[in-house]
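Presented below is the structure to which this report refers.
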Amino acid sequence: MSESVALREAAVAALRRLDALGLNRGSSGNLSVRDGAGMWITPTGMGADDTAPDDLVWLGLDGGVRGRCKPSSEWHFHRAIYAVRADVGAVVHTHSVHASALACLERSLPAFHYMVAIAGGDSVPCVPYRLFGTPALSRLVAEALRERDACLLAHHGLVAVGRTLAGAMKVALEIESLSEAYLKALAVAEPPLLSAAQMAEVIERFHHYGQPAAAGAAALSAAHAPARSRAATPPARARTPRRASGRAVRRGRARRPRPRSSAAAR
Ligand SMILES: [Zn+2]
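Just so you know, we're using this note's numbering here: the sequence shown kicks off at -15 and counts up by one.
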């Protein structure tokens, strides 16, 4: 079996898992996996059970298209993410209920729980609303994901990335779970947040638990320590926690780090 066929089969299996877990329903949500100079992305308007590996569409980062179906309407932000994150091998997008509910409140996921660090910092930002399938939305998503492995899309849903498809799935599932916990906490009171120092300690511990690069985030340990192997991450991008709330992103105050690879200069 060629690597491309294996990637497409894994993508369809992941799509069906998202459906089975209730993170996506019907034809909502989509995912992609990097393959060479492009990606395989799920087709638009098709349910998980109706999607076959051959229905995936190949999109080159340079704009090339190959496939018998039309790609997901959100292909813009998938491509933009791969362009700015050379270390990302998969992108998962869901309309999962709890992450979407938080996004509909235009709220970021703050450091109310230590596992927020699974996304690479002390928050999961919520980017402002833009019409789905537009370059305007893709720019905001790519900007937010320069510094995180997940972000919320206001009035829309969640995007998670990983070095592998399993890693991106792990992040998506965790952020959905954390969003549910946060909403339940908010129903009682605004939860106090962990300090920057406490989150730095968590991130440091996560690095300690990290697995070799090939394992990726799929090697999340039983101790709930995400394997945030960052072999492809330049040292300058070491995960020093910052207070980068969604509000900061919305106001355009988020730090703009240099592109991490030549791929960013498309
Ligand atoms: Zn969507």
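Cβ atoms here follow ideal geometry from the backbone N, Cα and C, with glycine treated the same way.
It should be emphasised that the depicted structure is a prediction, and the values quoted were computed from it without experimental measurement.
For ligand 1, any of its heavy atoms closer than 7 Å to the Cβ of residue i?
i	result
Phe116	yes
Gly31	no
His77	yes
Gly10	no
Glu160	no
Gly141	yes
Gly13	yes
Glu58	yes
On a Cα-Cα basis, can you pick out the residue from the options that is closest to residue i?
i	options	result
Leu178	Ser107, His60, Leu40, His191	Ser107
Glu58	Ala(-6), Arg114, Ala36, Arg132	Arg114
Glu160	Leu136, Leu124, Val41, Asp39	Leu136
Val143	Ser12, Ser(-14), Ala21, Ala(-10)	Ser12
Glu(-7)	Arg123, Thr26, Asn8	Thr26
Asp39	Leu45, Ser56, Asp46, Gly47	Ser56
Ala21	Arg123, Gly47, Ala180	Gly47
Ala156	Ala134, Gly10, Arg69, Pro37	Ala134
Ala126	Ile65, Ser16, Ala(-10)	Ile65
Leu162	Gly117, Ser80, Leu121	Ser80
Pro175	Tyr193, Ala95, Phe190, Ile187	Ala95
Pro119	Arg63, Ala165, Gly44	Arg63
Val41	Gly151, Tyr193, Leu86, Ser(-12)	Ser(-12)
Arg18	Val111, Val186, Phe190, Arg147	Arg147
Cys110	Phe116, Gly104, Leu124	Leu124
Lys168	Val68, Leu86, Leu7, Ala36	Leu86
Ala74	Glu90, Lys154, Ala83, His139	Lys154
Gly44	Ala36, Phe61, Asp33, Trp24	Trp24
Leu7	His139, Ser84, Phe61	Ser84
Gly104	Pro112, Leu149, Glu185	Glu185
Could you check whether the Cβ of residue i sits closer than 7 Å to any heavy atom belonging to ligand 3?
i	result
Ser107	In terms of ligand content, the structure shown lacks ligand 3 and carries ligand 1 instead.
Inset, instruction - Say whether the region 43 to 52 touches the region 88 to 101, bearing in mind that this needs 3 or more beta-carbon pairs closer than 8 Å, one atom from each stretch. - result: Taking 8 Å as the limit for Cβ pairs, the verdict is that the region 88 to 101 does not touch the region 43 to 52.
Legend entry - Contact the region 119 to 131 vs the region 1 to 12: 3+ CB pairs below 8 Å: These segments do not touch.
Inset, instruction - Please go through the region 30 to 102 and give each complete beta strand (DSSP E) segment of 3 or more residues, from N-terminal end onward. - result: DSSP runs (the beta strand (DSSP E)) wholly in the region 30 to 102: 41 to 44, 74 to 78.
Inset, instruction - With a floor of 4 residues, list each alpha helix (DSSP H) that falls wholly inside the region 164 to 199, ordered by position along the chain. - result: Listed in chain order, they are 180 to 193.
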